[in-house]
Every structure is written in structure tokens, then in C-alpha cells.
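What follows is a set of notes on a single structure, which appears directly below.
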Amino acid sequence: MTHSVSAVRAVDLRAEPVDKVLDRVEQSLQTRLDPGTAVRKRRSVGARTDRGTWVRVERRPFDKIPDQGWNGTESAARLEGVPRPAWRGCVVWRDADEPVMWRADETDLLPGTPVGTAVLAEEPALSEEWWRAFGASLDALARNTTRRVATPDTVTITQGLVTESIRGVFPEVIDTAVARWIPAHADLNWANMSAPTFSLFDWEDWGNAPRGLDAATLWAASLAVPALADRARRERRHDFESRDGKLMTLFVCAKILGPDAYPEDPRIEPARHRAQQVIAELQAG
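Sequential numbering from 268 applies to the sequence shown in my numbering.
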């Protein structure tokens with residue numbers, strides 16, 4: 268039986284039965300997963316193994332797998348200067364019934380626990396040492412090189428996407444040309460970093476992106492806690508003050524303020540306010 272790519276079901280793995288998938292992962296990787304440690308997200312399920320490692324299982328439709336593949340965690344293993352769980356191996360297979368692929372990556376455990384949910388509602392207790400490690404890691408990531416292209420929200424980031432996203436919400440912004448593309452994590456939120464020891468994980472979407480994407484993404488995830496958003500901006504001031512960083516600020520604000528915005532989102536007003544400031548700065552040259 269054949270399927271068109273458009274026939275793929277929209278699936279939320281927080282609700283979808285995955286027992287058969289996890290059984291296959293256990294058999295392939297020759298380990299047992301601890302169901303008591305399972306973390307279920309919209310497109311992934313993770314759990315601790317009986318050998319003291321972590322396995323993350325992801326389901327991805329064919330049309331969300333770019334030409335570069337979807338081996339982000341594997342390819343991130345060669346990055347220098349960025350603390351992250353060491354990659355051990357993987358298993359990948361095509362679903363027998365749907366136009367989707369499954370992938371399970373095994374890594375070392377985190378040196379701490381996730382800071383929080385992706386978008387925080389209260390300020391976390393983070394040490395100055397943590398913030399130093401955070402800044403040094405983003406600087407080190409930018410010094411690496413790759414041919415990969417970042418896929419934030421599984422969408423390949425291009426100049427066209429940046430222009431379309433920004434002008435779709437802020438039509439007064441005429442010049443959206445990005446000057447500098449550098450390696451970025453592309454999903455930098457509070458659920459993908461550990462504390463008290465800093466580590467950055469979930470590398471599925473990393474690749475080259477406009478300078479400032481990571482800083483702007485984390486800032487946007489912090490907007491419900493003004494002091495935290497301010498700290499994120501201070502820590503990455505050199506990114507935010509660059510022209511590309513201002514464009515990335517508008518890029519993430521467009522996601523908050525665009526047609527898919529949630530009216531109850533506490534980030535709407537601070538995003539709108541900051542976007543107006545950034546637009547004025549760009550127009551002033």
C-alpha cells in the first residue's frame with residue numbers, strides 16, 4: 268500500500284500509544300527502558316536505560332526530514348567546546364504503515380536536571396557559574412563549522428523564511444537581509460539545558476542560522492519572567508545589538524504575535540513592545 272506524504276497523521280506522542288515502538292528500541296539497542304523515568308513530548312519520548320544512559324525516540328514525517336538528514340544528535344558529537352551528553356549510538360527505521368521515520372538516539376545522562384519547561388513562568392535559581400558556562404558554550408558553538416542548516420520547529424531556516432516570517436507580522440520592515448550565518452542549536456529553551464551543571468541537549472535541529480537565533484529564542488522563552496528575559500539579553504548583548512540579532516528578535520516575536528498566537532500568552536505584550544523598539548532601531552540605521 269502506498270501513501271502520499273500529505274497523508275501523514277498529525278501525532279502527539281504525549282497521547283499516542285508507543286509500547287510497540289519502545290519494544291523495538293529495546294530489542295535493537297539491547298537494553299531496557301525504565302518507564303518510571305519516561306518523558307513524553309509532542310514529537311519525542313525519552314527514558315533512562317538499565318545501563319545508565321538515556322534514549323530519546325522521535326517520530327518524524329518524510330516531509331520534515333531535510334536533505335541533510337535528521338541525525339542532529341549524532342552529528343553534534345563532533346562539536347568542540349559545547350557541554351552536552353555524549354552520543355552512544357542509534358537505531359532508525361521506516362514505519363510500516365505511514366510515511367514517517369522513527370529514530371532512537373542513545374546518549375549519556377545529563378549532569379543535572381532540565382532547568383524547567385520550554386517556556387518558564389517563574390525565575391529559576393541559576394548560579395553565576397551556570398551563566399558563564401552558558402555564554403562560553405554559545406560562543407564556542409559559533410566557532411564550529413558545519414554544512415548543516417538549522418531547522419527550528421523542524422522548518423529549514425532560509426533567508427526567504429526569515430523575510431516571510433518578519434514581514435508577515437511587521438510589514439514595515441523592508442530590509443531583512445541576514446549578514447552572518449553561524450552554527451546554532453536552534454531549539455534553545457529552558458527544557459533543553461540542565462542545571463546546576465550546564466549542559467545543552469536535544470540537538471535534532473542544529474545547523475547554520477542567522478546570528479542571534481539562539482539568543483533570541485531563549486529570550487522569547489523567558490518573556491513571562493521579565494527579570495529572566497532581561498538577564499538573557501544582557502548575557503548575549505553582543506548578539507542582540509547586532510543587526511542580525513535584531514532581525515532574529517523580530518523573527519521570534521513574529522511567532523508569538525502571528526496568526527497562531529495564543530491570546531492568553533503572557534509574552535504577547537512584552538514581545539510587541541520590544542518588537543516596536545527593534546523596528547525603530549532598524550529604521551534609524
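Cβ atoms here follow ideal geometry from the backbone N, Cα and C, with glycine treated the same way.
Helix, strand or coil for residue i, going by three-state DSSP, please let me know.
i      : result
VAL519 : helix
TRP337 : coil
LEU235 : No answer is possible for residue 235: the residues shown for the chain start at 268 and end at 552.
GLU508 : coil
LEU387 : coil
ASP301 : coil
Using a Cβ-Cβ cutoff of less than 7 Å, which residues in the same chain neighbour residue i once the five nearest sequence positions on both sides are dropped?
i      : result
GLY339 : TRP470, GLU471, ASP472 and TRP473
Judging by CA-CA distance, which residue of the options is the nearest neighbour of residue i?
i      : options                           : result
ARG310 : VAL288, ARG281 and GLN297         : ARG281
GLY319 : PRO366, ALA476 and THR374         : THR374
LEU376 : PHE437, GLU325 and SER461         : SER461
SER394 : ALA371, GLN550, SER509 and PHE465 : PHE465
TRP398 : VAL359, ASP330 and LEU495         : LEU495
GLY213 : ASP420, PRO352 and GLU283         : The question about residue 213 has no answer here: the residues shown for the chain are numbered 268 through 552.
TRP354 : ALA344, TRP360 and ASP362         : ALA344
ALA453 : MET515, VAL436, PRO438 and GLU431 : MET515
ALA363 : ALA388, ARG326 and GLU390         : ARG326
How about residue i and residue j: do their beta carbons lie closer than 7 Å?
i      : j      : result
GLY348 : ALA407 : yes
ALA521 : ILE433 : yes
ARG501 : ARG478 : no
THR484 : VAL429 : no
ASN411 : LEU346 : yes
ALA482 : ARG504 : no
ARG315 : THR304 : yes
PRO328 : VAL382 : no
PRO450 : THR413 : yes
THR384 : ALA499 : no
Please return the same chain residues whose Cβ sits closer than 8 Å to the Cβ of residue i, not counting the five positions on each side in sequence.
i      : result
PRO333 : VAL416, THR418 and THR423
ILE523 : ALA487, LEU490, ASP532, ARG534, ILE535 and ALA538
ARG510 : ALA446 and LEU549
LEU289 : LEU300, VAL312, ALA314 and VAL324
Which same chain residues, not among the five before or five after residue i, have their C-beta less than 6 Å away from its C-beta?
i      : result
GLY356 : GLU373
ARG323 : SER311, GLY313 and ASP372
Practice item. Could I get the ranges of all uninterrupted alpha helix (DSSP H) runs contained in the segment 416 to 488, with 4 residues as the minimum, in chain order? Key: 426 to 436
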